[in-house]
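Q: Residue numbers for the sequence shown follow our numbering, so the first one is 193 and each next one is one higher. All C-beta atoms in this analysis are idealised placements derived from N, C-alpha and C, irrespective of residue type, glycine included. The model shown is predicted, which means the values in this text are computed figures rather than measured ones. Below are the structure tokens for one structure; questions will follow.
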Amino acid sequence: MDKFIRINMTTKEVATSEVPEKYAALAGRALTSYFVNDEVKPTCHALGKNNKLIFAPGLLSGTTAAQSGRLSVGGKSPLTGTIKESNTGGTFSQKMAKMGIKALVIEGMPEEDKFYILKIDMNGVTIDEAPAEILGGCGNYEAITVLNAKYGAKVGIALAGPAGEYRLPTANISFKDPEGNIRSAGRGGLGAVLGSKKVKALIIDDAGAPGVTIAKPEEFRAAAKAFAKALTTHPVTGQALPAYGTDVLINILNEAGGLPAKNFTTGRIDWNDKISGETLNATISERGGQGKVSHGCHTGCIIRCSQWYPDKEGNYITSGFEYETIWALGANAGIQDLDAIAYIDRAMDDVGVDAIDVSVAVATAIEGGLLPWGDGNAALAAIKEIATPTPLGRIIGGGTAIVGKVCGLFRTPIVKDQAIPAYDPRNVKGIGLTYATSPMGADHTSGYTIATNILKVGGYVDPLQKEGQVELSRNLQIATAAVDSTGMCLFIAFAILDIPEGFNALVDMINARYGLSLTADDVTALGKSILKVERNFNAAAGFTNAHDRLPEFFEYEPCPPHNQVWDFTPEEIDEVYNF
Numbered sequence: 193m194d195k196f197i198r199i200n201m202t203t204k205e206v207a208t209s210e211v212p213e214k215y216a217a218l219a220g221r222a223l224t225s226y227f228v229n230d231e232v233k234p235t236c237h238a239l240g241k242n243n244k245l246i247f248a249p250g251l252l253s254g255t256t257a258a259q260s261g262r263l264s265v266g267g268k269s270p271l272t273g274t275i276k277e278s279n280t281g282g283t284f285s286q287k288m289a290k291m292g293i294k295a296l297v298i299e300g301m302p303e304e305d306k307f308y309i310l311k312i313d314m315n316g317v318t319i320d321e322a323p324a325e326i327l328g329g330c331g332n333y334e335a336i337t338v339l340n341a342k343y344g345a346k347v348g349i350a351l352a353g354p355a356g357e358y359r360l361p362t363a364n365i366s367f368k369d370p371e372g373n374i375r376s377a378g379r380g381g382l383g384a385v386l387g388s389k390k391v392k393a394l395i396i397d398d399a400g401a402p403g404v405t406i407a408k409p410e411e412f413r414a415a416a417k418a419f420a421k422a423l424t425t426h427p428v429t430g431q432a433l434p435a436y437g438t439d440v441l442i443n444i445l446n447e448a449g450g451l452p453a454k455n456f457t458t459g460r461i462d463w464n465d466k467i468s469g470e471t472l473n474a475t476i477s478e479r480g481g482q483g484k485v486s487h488g489c490h491t492g493c494i495i496r497c498s499q500w501y502p503d504k505e506g507n508y509i510t511s512g513f514e515y516e517t518i519w520a521l522g523a524n525a526g527i528q529d530l531d532a533i534a535y536i537d538r539a540m541d542d543v544g545v546d547a548i549d550v551s552v553a554v555a556t557a558i559e560g561g562l563l564p565w566g567d568g569n570a571a572l573a574a575i576k577e578i579a580t581p582t583p584l585g586r587i588i589g590g591g592t593a594i595v596g597k598v599c600g601l602f603r604t605p606i607v608k609d610q611a612i613p614a615y616d617p618r619n620v621k622g623i624g625l626t627y628a629t630s631p632m633g634a635d636h637t638s639g640y641t642i643a644t645n646i647l648k649v650g651g652y653v654d655p656l657q658k659e660g661q662v663e664l665s666r667n668l669q670i671a672t673a674a675v676d677s678t679g680m681c682l683f684i685a686f687a688i689l690d691i692p693e694g695f696n697a698l699v700d701m702i703n704a705r706y707g708l709s710l711t712a713d714d715v716t717a718l719g720k721s722i723l724k725v726e727r728n729f730n731a732a733a734g735f736t737n738a739h740d741r742l743p744e745f746f747e748y749e750p751c752p753p754h755n756q757v758w759d760f761t762p763e764e765i766d767e768v769y770n771f
């Protein structure tokens, strides 16, 4: 029987129960969003006692299905003030599922000024004081080393870095991956919520776990095989992402004129070859040593879009070196050296901050006169100051919206105070609608129209024209909410959009896992219900359609090379959620 575990940090009481009936059919994002809507006071301060954090594996987590190792973390965001689900790889989700833990909730907050470690194993939950050596500015890499030594190398770890301890609004929750490196539930500042609960880390030990039960094993194996075949045969998931990682998009978006550069003043650069996925691949291959061109962020990943990026001597610097980070620092902030960007990426992982928001904050700080243009050393120093934290460290760690306010800027690329990611909404109009209307602030993963606007996956909608964009963003937001509930990596969307057998296999795996008879319509209905619940929470928190808008400067500053502006009316934007 699956378990629902609540940990009250005020009383230090742990309550383990059967899963409430209303959550029995939910998992992943569906469960976190329904729970937050039910139990978190919408108007509460996100860092106060009334917020709650919930960790939930997906419907297929813990199985042998490819790409099924993702974890959803939910709460009210201290960055946006909206509902938030943040998604991560690592080992935590699969361990929770194998232990029969449907959800893990952290609520309340201690009155005493102490940080704690929550240890979850088959015997229950224990609450220990956090060792002093991992507090007060200790980086995540060192903290993982200390915790591995104390609890064992095979445990799963989730932790608040220095930014989380200081409750900065870009703080992420960092998770150990299978090799002991770092993956992140990055966006929305949920690491600050973990820090507000005085939880430094969660340790999960699945020794003795029974594993998941498959209702129809033979049908599951057949569906899993068909699903894996779709992923390995699709050109994006089977070829481009394993070879070049997500950074393959640098040259593609630059050619399309949708690569935001110099703090969103243009959509194309002339130094793209210095920071492209092709250059990333070649650099790793030439250096050898600890470098890996392709790597999975969790067990069972067959797309393997991650990598280990080494220094010139072949020593590991960072992994999960993503397009969004390389774009924000390389194109948007003008740092033309992959090594410099890699060291900054490592520093952001070490202090525990959202690499998108903080990287965009760097470019915004450049426009505001706080940092010099294209200076990797200055950016690295500023990010390291988050661990101290100095005033500059607090400002940068506060995120793009804070930097814009401190510097008196109106050209601040945010929606609901969350930084806009790596696609210019003027020249890729579909993604602009996702940025504007997502319940969680500017978030490309909420409805990734780049697939259809740029990569021509699932059809083609011209990125420079308004026609078809509302329907595209709407449909992809619905589909994404459902995928986020399965425990699957979002990148499965490329294959299931183009290969019907892949989508059918996904539904078949869920049916075989639980003995159900869901249809494609049921999956769509789930996605719609999640989005409605999330918007219901936001409405109760004070958000209206007027918050579903892009920054005004996009409306009157044309973006070269296509010189487009953001030209959707409020009425057209509001049609995205007309379902």
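If you follow the alpha helix (DSSP H) that Leu664 is part of, which residue opens it and which one closes it?
A: Start and end: Gln661 to Val675.
Q: Pull the bridge partners of Cys497 from the DSSP assignment, please.
A: Answer by DSSP bridge pairing, in chain order: His487.
Q: Between Cys599 and Ile606, what straight-line distance do the alpha-carbon atoms span, to the nearest angstrom?
A: Answer to the nearest angstrom: the Cα atoms are 15 angstroms apart.
Q: Taking just the CA atoms, how far does Ile623 sit from Asp654?
A: When rounded, the distance between both Cα atoms is 12 angstroms.
Q: Using alpha carbons as the reference points, say which of Met540, Pro564, Ala547 and Ala593 lies closest to Glu577.
A: Taking only the C-alpha atoms, the option nearest Glu577 is Met540.
Q: Do you know whose CA, among Pro212, Leu245 and Ala738, lies nearest Lys608's CA?
A: Closest by alpha carbon: Ala738.
Q: Counting C-beta neighbours from all protein chains within 10 Å, is the total for Thr255 16 or more, i.e. buried, or is it exposed?
A: Classification for Thr255: buried.
Q: Under 8 angstroms, do Val211 and Asp194 count as touching if we go by C-beta distance?
A: Yes; because the gap between Cβ atoms is below 8 angstroms, this pair is in contact.
Q: Nearest by alpha-carbon distance to Ala377: which of Phe284, Ala335, Asp398 and Asp759 is it?
A: The option with the nearest alpha carbon to Ala377 is Phe284.
Q: Can you list the alpha helix (DSSP H) stretches of 4 or more residues lying completely in the stretch 685–734, in chain order?
A: Counting whole runs of 4 or more residues, the stretch 685–734 contains the alpha helix (DSSP H) stretches 692–706 and 712–732.
Q: In whole angstroms, give me the CA-to-CA distance for Trp519 and Ile670.
A: Spanning the two alpha carbons is a distance of roughly 27 angstroms.
Q: On a CA-only basis, which of Leu339, Ile642 and Ala674 is nearest Leu664? Give me that one, please.
A: Closest option to Leu664, Cα to Cα, is Ile642.
Q: Please list, in chain order, all residues of the same chain as Gly380 whose beta carbon is under 6 angstroms from its beta carbon, the five residues on each side excluded.
A: The residues are Ser269, Leu271, Lys276 and Ser278.
Q: In the DSSP output, what is Gly316 paired with across the bridge?
A: Looking at the DSSP assignment, Gly316 forms a beta bridge with Asp313.
Q: Sorted by chain position, which residues of the same chain lie with C-beta nearer than 7 angstroms to Thr424's C-beta, five sequence neighbours on each side aside?
A: Closer than 7 angstroms at the Cβ level, and outside the excluded window around Thr424, lie Gly430 and Ile494.
Q: Between Asp397, Ile461, Tyr501 and Gly522, which has its C-alpha nearest Lys484's C-alpha?
A: Nearest C-alpha to Lys484: Tyr501.
Q: Just checking my contact of Lys233 with Glu299 at CB under 8 angstroms: how many whole Å lie between their CB atoms?
A: 12 angstroms between Cβ atoms; not a contact.
Q: Helix, strand or coil for Lys390 per DSSP?
A: DSSP places Lys390 in coil when its eight states are reduced to three.
Q: For Glu514, which residues in the same chain have their Cβ closer than 6 angstroms to its Cβ, ignoring the five residues on either side in sequence?
A: The answer, listed in chain order, is Thr438.
Q: Relative to the C-alpha of His754, which candidate in Ala634, Ser209, Val649 and Lys621 has its C-alpha closest?
A: When each option's Cα is compared against that of His754, the closest is Lys621.
Q: At the level of alpha carbons, what is the spacing between His490 and Ala448?
A: Roughly 32 angstroms separates the two Cα atoms.
Q: Based on the DSSP output, what are the partners of Ser366 in its beta bridges?
A: According to DSSP, which records beta bridges pairwise, Ser366 is partnered with Leu351 and Ser376.
Q: Which residue comes first and which comes last in the beta strand (DSSP E) that contains Val790?
A: Residue 790 cannot be examined here, being either before or after the span of the chain that is shown, 193 to 771.
Q: Spatial neighbours of Gly506 within its chain, please: C-beta separation below 7 angstroms, excluding the five flanking residues on both sides.
A: Within the same chain, Gly506 has close Cβ partners Arg479, Gly480, Gly481, Gln482 and Gly483.
Q: Straight-line CA distance for Ile509 to Gln528?
A: Going by the C-alpha atoms only, they are around 17 angstroms apart.
Q: Comparing C-alpha positions only, which one of Glu303, Lys368 and Thr274 sits nearest to Thr280?
A: Nearest of Glu303, Lys368 and Thr274 to Thr280, Cα basis: Lys368.
Q: Please list the terminal residues of the continuous beta strand (DSSP E) segment that includes Leu263.
A: Counting along the chain, the beta strand (DSSP E) containing Leu263 begins and ends at Leu263 to Lys268.
Q: For Leu223 and Ser721, I'd like the C-alpha separation in whole angstroms.
A: So the two alpha carbons sit approximately 11 angstroms from each other.
Q: Tell me whether the stretch 312–320 and the stretch 404–424 touch, counting them as touching only if at least three CB pairs, one residue from each stretch, are closer than 8 angstroms.
A: The stretch 312–320, when compared against the stretch 404–424, does not touch it at the 8 angstroms Cβ threshold.
Q: At what residues does the beta strand (DSSP E) containing Asn507 begin and finish?
A: Per DSSP, Asn507 belongs to no beta strand (DSSP E) and is neither H nor E.
Q: Mind checking whether Gly292 and Pro402 have CB atoms under 8 angstroms apart?
A: Yes, Cβ-Cβ distance for Gly292 and Pro402 is below 8 angstroms.
Q: Work out the CA separation of Thr637 and Met772 for me, nearest whole Å.
A: Residue 772 falls outside the range modelled here, since the chain spans only 193 to 771, and no answer is possible.
Q: What is the C-beta distance between Ala525 and Gly591, in whole angstroms, given that I count them as a contact (C-beta under 8 angstroms)?
A: Their Cβ separation, rounded to whole angstroms, is 15 angstroms, which puts Ala525 and Gly591 out of contact at 8 angstroms.
Q: Just to confirm before moving on: does the CB-CB distance between Pro564 and Ala555 stay below 8 angstroms?
A: Taking 8 angstroms as the Cβ cut-off, Pro564 and Ala555 do not qualify as a contacting pair.
Q: Where do the ends of the beta strand (DSSP E) carrying Arg741 lie?
A: Here Arg741 belongs to no beta strand (DSSP E), and DSSP marks it neither H nor E.
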